[in-house]
Amino acid sequence: MVRPRVIALDGPSAAGKGTLARRLAEHYDLAHLDTGSLYRAVGRRILRDGRDPKDTKYAAEVAASLQPVDLTDPELRSEATSQSSSIVAAIPAVRANLLAWQREFAKNPPPGKQGVILDGRDIGTVICPDADVKLFVTASLEARAERRFRELQAAGANPIRRAVLDEMASRDKRDSERATAPLLPAPGAFVLDTSALDVDAAFDSIVAFIESTTRPRRA
Ligand code: CDP
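Counting from 44, one number per residue, gives the positions in the sequence shown under the numbering used here.
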């Protein structure tokens with residue numbers, strides 16, 4: 044079996060990145076970093092402090108002083124945090140302050156792991172442009188909004204379908220149109236549209252791609 048050392052997995056919200064990253068991490072024995080949680084932690088702390096996510100100076104300070112406990116905030120995945128995280132994610136100083144930490148994780152995996160998978164928006168383009176494998180997982184806005192709607196329902200919430208779609212569209216727009224590290228497939232990335240694929244089919248297709256393109260690595 045090939046053993047990639049660094050896998051970069053990018054794509055928009057609810058395209059299936061999280062589930063695929065966890066499965067690939069298990070399959071190839073890699074440490075997984077969900078980089079969205081870093082931006083979420085910054086966005087959440089700003090809201091908790093009663094500050095404006097557009098306040099660039101404050102957002103940069105929060106990003107520079109992020110603590111592990113910030114990643115455990117129970118509101119990390121709320122819709123308010125989602126929107127706030129994508130506002131702070133457009134601030135260059137916030138991205139700069141989170142960059143070194145992500146690269147360090149990629150370079151020096153936690154003990155017991157020989158490699159890493161990072162999922163996010165700019166892993167293949169900015170954080171790990173030399174990754175062994177670059178993946179871009181996407182799906183239509185309608186398919187992704189429907190998935191998020193069902194996730195919210197399964198979690199016991201009472202979401203409004205149209206609002207879920209509108210909020211996702213506004214985050215897509217902000218993430219794709221920002222000047223710094225916009226959401227984009229990296230050159231040479233394997234682009235997979237999961238609109239009509241279940242998780243197993245998407246996983247199999249990615250593994251087939253990796254097996255066909257990655258050179259075996261000596262342990
Ligand atoms: O869970 P979901 O896919 O909806 O979002 P996420 O991956 O947790 O990311 C939350 C927000 O963080 C995104 O909307 C982006 O604005 C930002 N983000 C980013 O800019 N760069 C990354 N590498 C990861 C996330």
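For every residue, glycine included, the Cβ atom is placed at its ideal position computed from N, Cα and C.
Exercise for review: Give a yes or no on whether the C-beta atoms belonging to glutamate 254 and valine 45 are separated by under 8 Å.
Suggested key: Mapped onto the sequence shown, residue 254 falls at position 211. Mapped onto the sequence shown, residue 45 falls at position 2. Yes, Cβ-Cβ distance for glutamate 254 and valine 45 is below 8 Å.
Check your understanding: Quick one, which of Ala139, Arg88, Leu109 has its alpha-carbon nearest serine 121's?
Key -> Here residue 121 corresponds to residue number 78 of the sequence shown, with the count starting at 1. Measuring C-alpha to C-alpha distances from serine 121 to each of Ala139, Arg88, Leu109 identifies Arg88 as the nearest.
Point to revise | Own chain partners of arginine 83 with C-beta closer than 6 Å, once the 5 adjacent residues on each side are dropped | key: Within the sequence shown, numbered from 1, the residue matching residue 83 stands at position 40. Cβ neighbours of arginine 83 beyond the five flanking positions: Leu119, Thr124, Ser128.
Review point. Who are the near neighbours of leucine 184 in its chain, counting only those whose CB is closer than 8 Å to its CB and skipping five residues on each side?
Key: The residue given as residue 184 occupies position 141 in the sequence shown. Here the set comprises Leu208, Met211, Ala212, Asp215.
Check your understanding: For ligand 1, is there a heavy atom less than 7 Å away from the beta-carbon of arginine 46?
Key -> Position 3 of the sequence shown holds residue 46. False, no ligand heavy atom lies under 7 Å from that Cβ.
Check your understanding: Does the distance from the C-beta atom of aspartate 53 to that of glycine 231 stay below 8 Å?
Key -> Counting from 1 along the sequence shown, the entry for residue 53 is found at position 10. Counting from 1 along the sequence shown, the entry for residue 231 is found at position 188. A distance of 8 Å or more separates the beta carbons of aspartate 53 and glycine 231.
Practice item. Return yes when the C-beta of alanine 168 is under 7 Å from any heavy atom of ligand 1, and no when it is not. Key: Sequence index remark: in the sequence shown, residue 168 carries index 125 (1-based). For clarity, residue 168 is threonine in the given sequence; the question names alanine instead. No, the Cβ of threonine 168 stays beyond 7 Å of every heavy atom of ligand 1.
Practice item. Specify whether the stretch 100-118 and the stretch 160-174 touch according to this definition: at least 3 beta carbon pairs, one from each stretch, less than 8 Å apart. Key: When Cβ pairs closer than 8 Å are counted between the two stretches, the stretch 100-118 is seen not to touch the stretch 160-174, the count staying below three.
Review point. Would the C-beta of lysine 216 count as close to ligand 1, meaning under 7 Å from any of its heavy atoms?
Key: Start at 1 with the first residue of the sequence shown, and residue 216 comes out as number 173. Checking the Cβ of lysine 216 against ligand 1 gives no.
**Study point:** Per-residue burial, asparagine 201 [other beta carbons within 10 Å of its own, 16 or more giving buried]
**Key:** Taking the sequence shown and counting its residues from 1, one reaches residue 201 at position 158. Counting of Cβ neighbours within 10 angstroms places asparagine 201 among the exposed residues, the total staying below 16.
Review point. Among all the DSSP beta bridges, which residues are the ones paired with threonine 115?
Key: Numbered from its first residue, the sequence shown carries residue 115 at position 72. Paired residue(s): none; threonine 115 is not in a bridge.
Review point. Do you know offhand how far alanine 182's Cα is from leucine 235's?
Key: Here the question's residue 182 lines up with position 139 in the sequence shown. Here the question's residue 235 lines up with position 192 in the sequence shown. C-alpha of alanine 182 to C-alpha of leucine 235: approximately 8 Å in a straight line.
Review point. With contact counted as at least three CB pairs below 8 Å, one residue from each stretch, are the stretch 235-253 and the stretch 55-68 in contact?
Key: Flag = yes, the stretch 235-253 and the stretch 55-68 touch.
Review point. What residue from Ile166, Arg187, Ala239, Ile170 has the CA that sits closest to leucine 178's CA?
Key: As a working note, residue 178 is residue 135 in the sequence shown. Residue Ile166 is the option with its Cα nearest to leucine 178.
Check your understanding: Straight-line CA distance for histidine 75 to proline 152?
Key -> Here the question's residue 75 lines up with position 32 in the sequence shown. Here the question's residue 152 lines up with position 109 in the sequence shown. Near 9 Å, if we compare the C-alpha coordinates of proline 152 and histidine 75.
Check your understanding: Under the DSSP definition of a beta bridge, which residues are partnered with aspartate 77?
Key -> Stepping through the sequence shown from its first residue, residue 77 is reached at position 34. Answer by DSSP bridge pairing, in chain order: Asp162.
Practice item. Flag this pair as yes or no: are the beta carbons of alanine 206 and cysteine 171 separated by less than 8 Å? Key: The count along the sequence shown starts at 1 and reaches residue 206 at position 163. The count along the sequence shown starts at 1 and reaches residue 171 at position 128. Not a contact, by the Cβ cut-off of 8 Å.
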